[in-house]
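Please read the structure below before turning to the comments.
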Amino acid sequence: MRNTDIGPVQQRDTALALIFLLLLVWFFTGETFLLHVLMGFTLFAMLFPKLLTVPARLWFALAYYLSQVSSRMIFGLIYVVLVLPVGLVRRMLGKDSLRLKAYGKGNGSAFIVREHRYTAQDMETLF
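Residue numbers 47 to 173, in this note's numbering, belong to the letters of the sequence shown in order.
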């Protein structure tokens with residue numbers, strides 16, 4: 047976790063997350079004992095929020111590391127599902143948007159010179 051400052055806001059958020067988790071467990075199991083634990087923990091979190099500093103550190107560290115892993119997985123999946131197939135199809139069709147073949151033959155720059163003078167008509171018909 048990058049920021050190790052745990053204040054009242056982080057303590058409250060940790061308490062709310064733990065209360066929500068306990069509520070979910072109670073909802074799916076229906077155990078009345080869990081309802082008593084839930085009420086006791088809620089009272090504890092309201093009376094002694096400072097004691098939630100260590101669980102808050104653990105909670106936010108877990109959230110940080112999960113965000114690191116999940117974002118890389120999501121972007122990797124987007125690359126494999128969208129970008130890679132489009133690139134392969136364009137290569138099979140012979141497209142060369144970057145003009146790498148022309149640049150490799152020593153024709154100078156791969157940039158396309160666009161000498162266009164913009165007029166009012168260009169702003170009226172953008173597409």
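Ideal Cβ placement from N, Cα and C applies to all residues, glycine included.
Per DSSP, the continuous alpha helix (DSSP H) segment holding Phe-87 begins and ends at 78 to 93.
If you compare the alpha carbons of Thr-99, Ser-143, Tyr-111 with that of Ile-52, the shortest gap goes to Thr-99. The alpha-carbon separation between Asp-168 and Arg-160 amounts to approximately 15 Å. Non-local C-beta neighbours of Phe-79 in its own chain, meaning closer than 8 Å and more than five positions away in sequence, are absent. For Thr-171, no alpha helix (DSSP H) segment is defined, and its DSSP state is neither H nor E.
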